[in-house]
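*Asks:* Numbering follows the numbering used here, in which position 119 of the sequence shown is assigned residue number 128; successive positions increment by one, without gaps.
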Amino acid sequence: ASYGAKLSHMDSWLGRFLDTLEETGLDKSTAVILLGDHGTNVGERDRFGKGYPVREQEGHVPLFIRVPGVNKGRCDIIAQPQDIFATILGLAAVPKPRGIDSHDLLSQALQESPGSREVAISGHSVNAWNGSPKEILFTVFDREWYLEFAADPQHCRLTHYGSLEDVADAHPSIR
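Okay, structure coming up:
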């Protein structure tokens, strides 16, 4: 109930914000980027809230980009938080500095630029590793699967989106 109430509350305020943009005419010249910092578990694997290792419920977060004059649509681009930087620079027509690992999501969605991500990675820093080959170090997400990666491949867990079942043994070529 608390989770649903939070969503309803945020939806209400977002609606008021977008209505105000429209009422003032700023919607014609203002881009809006909305994203969540992480998803949450609502009982999957007996977990509530966020946890570690990062799984589908935490890794798939809302990302909406509304730009005046750009048609609505959906895409399946894999994004990481650092991609917001290049996306904002692209909206401002400012070139991205060299050596920055950031992709302009809007240009990719409109198929104006190559370089989309094949995977997204989420996890602790290397220095947080306790040295156990069984410990999950990070999670790798692609468009179909997520792999909880351990130093010992026998302890990696592979899950298809929409499932909670580890199927690593049935798909050794992916692991």
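For each residue, glycine too, the CB sits at the ideal point set by N, CA and C.
Measuring CA to CA, which of 93, 61 and 107 is closest to residue 49?
*Replies:* Position 40 of the sequence shown, counted from the start, is the residue given in the question as residue 49. It is 61 whose Cα lies nearest to the Cα of residue 49.
*Asks:* Thinking just about the alpha-carbon of each residue, which of 112, 110, 157 and 34 is nearest to the one in residue 133?
*Replies:* Counted from its first residue, the sequence shown places residue 133 at position 124. Closest option to residue 133, Cα to Cα, is 157.
*Asks:* Can you tell me whether residue 113 is buried or exposed? The criterion is at least 16 other CB atoms within 10 Å of its CB, across all chains shown.
*Replies:* Stepping through the sequence shown from its first residue, residue 113 is reached at position 104. It counts as buried.
*Asks:* What residues in its chain sit with their C-beta under 8 angstroms from that of residue 148, if we drop five residues either side in the sequence?
*Replies:* The count along the sequence shown starts at 1 and reaches residue 148 at position 139. Only 62, 63, 64, 68, 130, 131, 132, 155, 156, 157 and 158 meet the Cβ criterion.
*Asks:* Who does residue 157 pair with in a DSSP beta bridge?
*Replies:* On the sequence shown, position 148 is the one that residue 157 refers to. Residue 157 is bridged to 148 and 166.
*Asks:* How big is the Cα-Cα spacing for residue 76 and residue 39?
*Replies:* The sequence position of residue 76 within the sequence shown is 67, counting from 1. The sequence position of residue 39 within the sequence shown is 30, counting from 1. The alpha-carbon atoms of residue 76 and residue 39 are separated by roughly 7 angstroms.
*Asks:* Who pairs with residue 119 in a beta bridge, going by DSSP?
*Replies:* Here residue 119 is taken as the residue at index 110 of the sequence shown, counted from 1. Residue 119 pairs with nothing; no bridge assigned.
*Asks:* In the DSSP assignment, the alpha helix (DSSP H) including residue 131 goes from what residue to what residue?
*Replies:* Position 122 of the sequence shown, counted from the first residue, corresponds to residue 131. Here residue 131 belongs to no alpha helix (DSSP H); instead the beta strand (DSSP E) covers 129 to 132.
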